[in-house]
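Peer 1: Can you keep this structure in mind? I'll have questions shortly.
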Amino acid sequence: MNLSHWIERWADFQPEKTAIRFEGRDISYRAFDQRIRRVAGFLHHDLDVEHGDRVAFLGLNSPDMLALMFACARIGAILVPLNWRLAPPEHLYILKNAGAKVLFCEDEFAEGTETIDTGLTDCRVVAMGDEFEQFVAAAPPDTVDPAVGPEDPLLIVYTSGTTGRPKGAVLTQNAMTFNAVNSIAMHDMTSNDVIFTNLPMFHVGGLNIQTTPALHAGATVIMHRRFDPDATVDVIRDEKPTLMILVPALMAAVMQHPAWPDMDFSSLRAINTGSTTVPPSLLDTYLDRGVPIIQVYGATETAPIVIHQRIPDAWTTKGSTGRAALHCDARIEGPSGEILGPDERGEIVVRGPNIMSGYWNDPEASEEVLKDGWFHTGDIGHVDAQGLFYVDDRVKDVIISGSENIYPAELEMILDQCDEITECAVIGRADEQWGEAAVAIVVPGQGSNLTREAVLELFDGELARFKHPRDVIFVDALPRNVMGKVLKFELRDMVSQRNSG
Numbered sequence: 192m193n194l195s196h197w198i199e200r201w202a203d204f205q206p207e208k209t210a211i212r213f214e215g216r217d218i219s220y221r222a223f224d225q226r227i228r229r230v231a232g233f234l235h236h237d238l239d240v241e242h243g244d245r246v247a248f249l250g251l252n253s254p255d256m257l258a259l260m261f262a263c264a265r266i267g268a269i270l271v272p273l274n275w276r277l278a279p280p281e282h283l284y285i286l287k288n289a290g291a292k293v294l295f296c297e298d299e300f301a302e303g304t305e306t307i308d309t310g311l312t313d314c315r316v317v318a319m320g321d322e323f324e325q326f327v328a329a330a331p332p333d334t335v336d337p338a339v340g341p342e343d344p345l346l347i348v349y350t351s352g353t354t355g356r357p358k359g360a361v362l363t364q365n366a367m368t369f370n371a372v373n374s375i376a377m378h379d380m381t382s383n384d385v386i387f388t389n390l391p392m393f394h395v396g397g398l399n400i401q402t403t404p405a406l407h408a409g410a411t412v413i414m415h416r417r418f419d420p421d422a423t424v425d426v427i428r429d430e431k432p433t434l435m436i437l438v439p440a441l442m443a444a445v446m447q448h449p450a451w452p453d454m455d456f457s458s459l460r461a462i463n464t465g466s467t468t469v470p471p472s473l474l475d476t477y478l479d480r481g482v483p484i485i486q487v488y489g490a491t492e493t494a495p496i497v498i499h500q501r502i503p504d505a506w507t508t509k510g511s512t513g514r515a516a517l518h519c520d521a522r523i524e525g526p527s528g529e530i531l532g533p534d535e536r537g538e539i540v541v542r543g544p545n546i547m548s549g550y551w552n553d554p555e556a557s558e559e560v561l562k563d564g565w566f567h568t569g570d571i572g573h574v575d576a577q578g579l580f581y582v583d584d585r586v587k588d589v590i591i592s593g594s595e596n597i598y599p600a601e602l603e604m605i606l607d608q609c610d611e612i613t614e615c616a617v618i619g620r621a622d623e624q625w626g627e628a629a630v631a632i633v634v635p636g637q638g639s640n641l642t643r644e645a646v647l648e649l650f651d652g653e654l655a656r657f658k659h660p661r662d663v664i665f666v667d668a669l670p671r672n673v674m675g676k677v678l679k680f681e682l683r684d685m686v687s688q689r690n691s692g
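Right, dumping it as structure tokens:
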């Protein structure tokens, strides 16, 4: 059985039910199933895409990106979604690494394909739009390849590359299915739900936390090309979604919208969030409006759901990331691999059928993170006596000062409580005496007269003296990736250049 079976079955059960609502058009499960079959026919018969071939997609959110994924599932091909925010040379690296046979590209990004055409002669580029429509309309519907099995790869999703070249996490059809089941259990999702998707689907967060699980459950997906605050407010008001995802940066954007005071959130059973630490003040603002905010923890390599809250937990376990997902195990390990007890900090390690099979063509990197069936996340966390997990920081972000560990998230929580600070991050910089010292990077609020001394005073009496920042740097904005994560490696480079200058 492959993933396209989900759509095929729902097309039998509820053929006229809306699967996807996109740009004012409702696509029924029957129509979506037919579309998938024709796209599969185009791939197989016209482009000679075979079992195991890689098919890349460069574009914003669209039903055809999902149709490509499900079509790949039918014939055993592998979809490689590309981050449209990357530069052409970065796309070229990924396409070469994946060995892509075909690249589907939207017109908005066509200019960059000139670099790809000259650097990758064995990858055919197909323009989305009229050309794609003509090909698909003429293609015969393709049948399922009987050789396709649950352990066949379906996605290669490239990591953000914050520690070097991006690596391609290989997710099988089985991994996608179990991730969907984890999500359905997390949200109590049913075919009556209406999911609002506006996060980018080249990322597993936008694709797999709610979107593909909704199609597994026979629900309806309202899909937007990208996040827009005005459009988001309109959808919540007019289309009454029951579930959606907003990373913290987008939660803040909605909260700052002029319509915020009068917004009606009554249709929403929950808003899912994650990808980075959620400031308590931001969380409380939504909870005070009666909106359950449930946190999910995972990674590209985990498809991504491995630890999460459920809707009833939004108020009772506030600040926690929740418990291991239905089909996952999670624990905290020490430096030597020993299992740690309650409230002991260590690395979060997880296992389950939704974990990647490895990094594409990179066995050494795979062996570093996959050990005895457990995926080592590189995140520092702890679990309390009730079995609730807390994410404390990234291993690579921990600051070691005078042999003491400083967790930036602790300092950032203090800074987040200051009304005059819009954004903040804490990083380590080289220090001759202590090895490393903490530095606070602060975006002051509009009209603020915040000083370095005032920022440093925020920590008095709140944290041990050795944890306090040694310096404060004011900036206009923090660099973030498309999922809202602060790019701390860029901040470290900035601080290093300032010091050397």
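In this text, residue positions in the sequence shown follow our numbering: the first is 192, and each later residue adds one.
In this text, a Cβ means the ideal position worked out from N, Cα and C, and glycines have one as well.
In this structure, how does DSSP classify M414 when only helix, strand and coil are distinguished?
Peer 2: Locating residue 414 in the sequence shown gives position 223, where the first residue counts as 1. Here M414 sits in strand by DSSP.
Peer 1: Assign D343 to one of three DSSP states: helix, strand, or coil.
Peer 2: Along the sequence shown, one-based indexing puts residue 343 at 152. Coil.
Peer 1: What residue range does the alpha helix (DSSP H) around D425 cover?
Peer 2: Against the sequence shown, residue 425 aligns to sequence position 234. Where D425 is concerned, the enclosing alpha helix (DSSP H) stretches over P420 to D429.
Peer 1: Flag this pair as yes or no: are the beta carbons of R643 and V686 separated by less than 9 Å?
Peer 2: As a position in the sequence shown, residue 643 is number 452, starting the count at 1. As a position in the sequence shown, residue 686 is number 495, starting the count at 1. In this structure, V686 does not lie closer than 9 Å to R643 by Cβ.
Peer 1: For R689 and R480, I'd like the C-alpha separation in whole angstroms.
Peer 2: If you number the sequence shown from 1, residue 689 lands on position 498. If you number the sequence shown from 1, residue 480 lands on position 289. Near 43 Å, if we compare the C-alpha coordinates of R480 and R689.
Peer 1: I'd like the span of the alpha helix (DSSP H) that includes Q205, first residue to last.
Peer 2: Residue numbering aside, residue 205 sits at position 14 when the sequence shown is read from its first letter. Element bounds for Q205: n/a, residue is neither H nor E.
Peer 1: Mind checking N640: buried by the 16 CB within 10 Å criterion, or exposed?
Peer 2: Here residue 640 corresponds to residue number 449 of the sequence shown, with the count starting at 1. It is exposed - the Cβ of N640 has fewer than 16 other Cβ atoms within 10 Å.
Peer 1: Are at least three pairs of beta-carbons, each pair with one atom in the stretch 663 to 676 and one in the stretch 389 to 407, less than 8 Å apart?
Peer 2: Yes: the two stretches touch, three or more of their Cβ pairs being nearer than 8 Å.
Peer 1: Can you tell me which of the three DSSP states A360 falls into?
Peer 2: Indexing the sequence shown from 1 puts residue 360 at position 169. Of the three classes helix, strand and coil, the one that applies to A360 here is strand, per DSSP.
Peer 1: Please determine if the stretch 420 to 428 and the stretch 513 to 522 are in contact, where contact requires at least 3 C-beta pairs separated by less than 8 Å.
Peer 2: Touching, no.
Peer 1: Rounded to whole angstroms, what's the CA-CA distance from V677 to R585? Just pull it up for me.
Peer 2: On the sequence shown, position 486 is the one that residue 677 refers to. On the sequence shown, position 394 is the one that residue 585 refers to. Their backbone Cα atoms lie some 12 Å apart in a straight line.
Peer 1: If you draw a straight line from the alpha carbon of D475 to that of N370, how long is it in whole angstroms?
Peer 2: Residue numbering aside, residue 475 sits at position 284 when the sequence shown is read from its first letter. Residue numbering aside, residue 370 sits at position 179 when the sequence shown is read from its first letter. Those two C-alpha atoms are separated by around 29 Å.
Peer 1: In whole angstroms, give me the CA-to-CA distance for D321 and Y349.
Peer 2: On the sequence shown, residue 321 is found 130 positions in, with the first residue counted as 1. On the sequence shown, residue 349 is found 158 positions in, with the first residue counted as 1. In a straight line, the C-alpha of D321 is about 29 Å away from that of Y349.
Peer 1: Kindly indicate which residue of H282, D298 and Y220 has the alpha-carbon position closest to the one of F261.
Peer 2: Residue mapping note: residue 261 aligns to position 70 of the sequence shown, counting from 1. Cα-wise, what sits closest to F261 is Y220.
Peer 1: Could you have a look at W565 and say whether DSSP puts it in helix, strand or coil?
Peer 2: Locating residue 565 in the sequence shown gives position 374, where the first residue counts as 1. It is a strand residue.
Peer 1: Note down the Cα distance separating R226 from N193, rounded to an integer number of angstroms.
Peer 2: Translated into positions along the sequence shown, residue 226 becomes position 35. Translated into positions along the sequence shown, residue 193 becomes position 2. Distance between the alpha carbons of R226 and N193: 16 Å.
Peer 1: Going by beta carbon distance, what residues of the same chain come within less than 8 Å of E241, once the five residues before and after it are set aside?
Peer 2: In the sequence shown, counting from the first residue as 1, residue 241 sits at position 50. Cβ neighbours of E241 beyond the five flanking positions: H235, I266, G267 and A268.
Peer 1: Across which residues does DSSP place D570 in a beta bridge pair?
Peer 2: Against the sequence shown, residue 570 aligns to sequence position 379. DSSP, once it has assigned bridges, lists R585 as partnering D570.
Peer 1: What residues are listed by DSSP as bridge partners for V246?
Peer 2: Here residue 246 refers to the residue found at position 55 of the sequence shown. In DSSP, V246 forms a bridge with L270 and V293.
Peer 1: Using the C-alpha atoms, what's the distance from V317 back to I300?
Peer 2: Counting from 1 along the sequence shown, the entry for residue 300 is found at position 109. Counting from 1 along the sequence shown, the entry for residue 317 is found at position 126. The sequence shown places Phe at residue 300, not Ile. If I take the Cα positions, the gap works out to 12 Å.
Peer 1: How is Y598 classed by DSSP in three states: helix, strand or coil?
Peer 2: Translated into the one-based positions of the sequence shown, residue 598 becomes position 407. In this structure, Y598 counts as coil in the three-state DSSP scheme.
Peer 1: Which runs of the alpha helix (DSSP H) spanning at least 4 residues fall entirely within the stretch 495 to 540, listed in chain order?
Peer 2: You should have 504 to 507.
Peer 1: Report the residue from E524, G232 and N288 whose alpha carbon sits nearest the alpha carbon of R245.
Peer 2: Numbered from 1 along the sequence shown, position 54 holds the residue referred to as residue 245. Ranking E524, G232 and N288 by Cα distance to R245 puts N288 first.
Peer 1: Candidates S458, R428 and W565: which alpha carbon is nearest D384's?
Peer 2: In the sequence shown, counting from the first residue as 1, residue 384 sits at position 193. Nearest C-alpha to D384: S458.
Peer 1: On a CA-only basis, which of F223, K358 and E281 is nearest I256? Give me that one, please.
Peer 2: Along the sequence shown, read from residue 1 onward, the residue named residue 256 stands at position 65. Note on residue identity: the sequence assigns Met, not Ile, to residue 256. Comparing Cα positions, the closest option is F223.
Peer 1: By the 10 Å Cβ neighbour count, where 16 or more other Cβ atoms means buried, how is G528 classified, buried or exposed?
Peer 2: The count along the sequence shown starts at 1 and reaches residue 528 at position 337. With fewer than 16 other Cβ atoms within 10 Å, it is exposed.
Peer 1: Which residue marks the beginning of the alpha helix (DSSP H) containing L682, and which one marks its end?
Peer 2: Looking up residue 682 in the sequence shown gives position 491. Residues K679 to S691.
Peer 1: For L259 and Y488, what's the separation of their Cα atoms in angstroms?
Peer 2: If you number the sequence shown from 1, residue 259 lands on position 68. If you number the sequence shown from 1, residue 488 lands on position 297. Cα-Cα distance, rounded: 27 Å.
Peer 1: Between the alpha carbons of N399 and A576, how many angstroms are there, rounded?
Peer 2: For the purposes of this step, residue 399 is taken as residue 208 along the sequence shown, with counting starting at 1. For the purposes of this step, residue 576 is taken as residue 385 along the sequence shown, with counting starting at 1. Between N399 and A576, the C-alpha separation is close to 30 Å.
Peer 1: If you follow the alpha helix (DSSP H) that S475 is in, where does it begin and where does it stop?
Peer 2: The count along the sequence shown starts at 1 and reaches residue 475 at position 284. It should be noted that the sequence gives Asp, not Ser, for residue 475. P471 to D479 is the span of the alpha helix (DSSP H), which, as asked, contains D475.
Peer 1: Would you report the Cα separation of Y550 and D651, rounded to the nearest angstrom?
Peer 2: Mapped onto the sequence shown, residue 550 falls at position 359. Mapped onto the sequence shown, residue 651 falls at position 460. Straight-line Cα distance between these residues: approximately 45 Å.
Peer 1: Can you name, in chain order, every residue of its own chain whose Cβ lies under 6 Å from the Cβ of R542, other than the five neighbours on each side?
Peer 2: Your numbering for residue 542 matches position 351 in the sequence shown. If we look at R542 and ignore the five residues flanking it on each side, its Cβ neighbours are D520, G564 and W565.
Peer 1: Can you list, in chain order, the residues of its chain with a C-beta nearer than 8 Å to that of E430? Leave out the 5 residues immediately preceding and following it.
Peer 2: Along the sequence shown, one-based indexing puts residue 430 at 239. Taken in chain order, the residues that qualify are R212, V385, F387 and I413.
Peer 1: Output the boundary residues of the alpha helix (DSSP H) element that contains N463.
Peer 2: Locating residue 463 in the sequence shown gives position 272, counting from the first residue. N463 -> not in any alpha helix (DSSP H); beta strand (DSSP E) instead, spanning A461 to T464.
Peer 1: Whose C-beta lies closer than 8 Å to the C-beta of I571 among residues of the same chain, with five residues either side of it excluded?
Peer 2: On the sequence shown, residue 571 is found 380 positions in, with the first residue counted as 1. Hits under 8 Å: R536, G537, E538, I539, V582, D583, D584, R585, V586, V589 and Y598.
Peer 1: With DSSP as the reference, label I546 as helix, strand or coil.
Peer 2: Locating residue 546 in the sequence shown gives position 355, counting from the first residue. I546: coil per DSSP, three-state reduction.
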